[in-house]
Amino acid sequence: MHGNQQPPQYGHSQPYPQTVIVQKKGGGCLRAVLIGAAVLAGLVVVGGILGGGGETPTGSGDTTVAEASTSAKKRTESKRAEPEQAGIGDVVKDGKFSFKATKVETGVARVGDEYLGSDAQGQYILVHVTVKNIGDEAQLFSGSSQKLIDSRNRKYDTDSGAAALGLKNSNAFLNNINPGNTVKGILLFDVPKDFKIKAVELHDSIFSDGVTVALNS
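Note that full-length UniProt numbering has the sequence shown beginning at 1, numbered continuously upward.
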């Protein structure tokens with residue numbers, strides 16, 4: 001030893017400043033806490049968005065299913081309400097007339113007698129109808145306004161001339177019917193021999209929509 005020089009001290013080094021250590025540890029913990037809080041908040045927000053978005057399709061889906069069910073129910077009820085197609089013996093209406101087809105004759109080769117009559121080009125089909133005026137004024141019933149329909153939905157005109165010549169009680173040639181009166185008439189059609197009958201389309205005039213009566217049942 002020389003003078004007052006102190007011998008070196010071993011095992012007693014000066015400690016690092018605690019503030020520095022505390023700042024490092026404290027800063028790391030705080031940062032971790034803040035990051036964790038941010039992540040948690042993000043998860044909560046995302047969860048809320050996903051949860052809210054899931055409710056809309058579900059509600060919309062429920063509404064769609066309900067609307068589809070209601071629509072299907074209405075269609076079913078509508079089908080049940082639709083009447084079956086009219087046939088022989090049924091009363092149908094068009095304009096100021098009501099009609100009832102009562103009888104059908106097919107395969108007729110000639111109408112009238114040997115002196116006054118007419119031969120069919122193919123075959124005659126006779127459709128017997130009852131016509132009633134259900135309006136409030138006289139209406140003209142004309143056989144030429146009526147149509148015969150085959151299995152291919154082709155429409156055929158009446159042979160009014162042959163009917164007037166060979167059918168005494170056809171009553172289908174420009175017959176004026178007063179309100180409330182009823183007339184029994186015969187519609188005469190000249191069609192091919194292989195004709196397949198389907199229906200007759202009845203009109204109160206040439207301008208009306210008409211009503212169809214099935215004849216093939």
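Note that CB positions come from ideal geometry on N, CA and C, so glycine has one too. Just so we're clear, the structure is a prediction, and the values are computed from it rather than from any experiment.
Distance between residue j and residue i (C-alpha atoms, nearest Å)
| i | j | result |
| --- | --- | --- |
| Leu202 | Asp159 | 15 Å |
| Val127 | Asp119 | 17 Å |
| Gly210 | Gly143 | 13 Å |
| Thr102 | Val129 | 6 Å |
| Ile197 | Asp90 | 18 Å |
| Ala138 | Pro179 | 6 Å |
| Ala163 | Gly112 | 9 Å |
| Lys140 | Ser205 | Sequence check: residue 140 is Leu here, not Lys. The alpha-carbon atoms of Leu140 and Ser205 are separated by roughly 8 Å. |
| Ala86 | Arg152 | 19 Å |
| Asp150 | Gly117 | 26 Å |
| Arg110 | Glu84 | 35 Å |
| Thr106 | Asp194 | 11 Å |
| Val192 | Val104 | Note that residue 192 is Pro in the sequence shown, not Val. If you take the alpha carbons of Pro192 and Val104, they lie about 16 Å apart. |
| Val183 | Val108 | 23 Å |
| Arg154 | Gly161 | 21 Å |
As assigned by DSSP and simplified to three states, the class of residue i
| i | result |
| --- | --- |
| Gly180 | coil |
| Ser170 | coil |
| Leu215 | coil |
| Ser205 | coil |
| Ala199 | strand |
| Leu165 | helix |
| Gly95 | coil |
| Leu188 | strand |
| Lys143 | One point to set straight first is that residue 143 is Gly, not Lys, in the sequence displayed. DSSP places Gly143 in helix when its eight states are reduced to three. |
| Ser151 | coil |
Cβ neighbour criterion (16 or more within 10 Å) applied to residue i
| i | result |
| --- | --- |
| Asp94 | buried |
| Gln146 | buried |
| Phe207 | exposed |
| Asp190 | buried |
Within 7 Å, strictly: CB atoms of residue i and residue j
| i | j | result |
| --- | --- | --- |
| Gly122 | Lys96 | no |
| Leu188 | Tyr115 | no |
| Asn171 | Gly185 | yes |
| Asn133 | Asn169 | no |
| Leu165 | Tyr156 | no |
Whole-angstrom C-beta distance between residue j and residue i, which should lie under 8 Å
| i | j | result |
| --- | --- | --- |
| Leu215 | Ile88 | 7 Å |
| Val131 | Phe99 | 6 Å |
| Val92 | Val213 | 6 Å |
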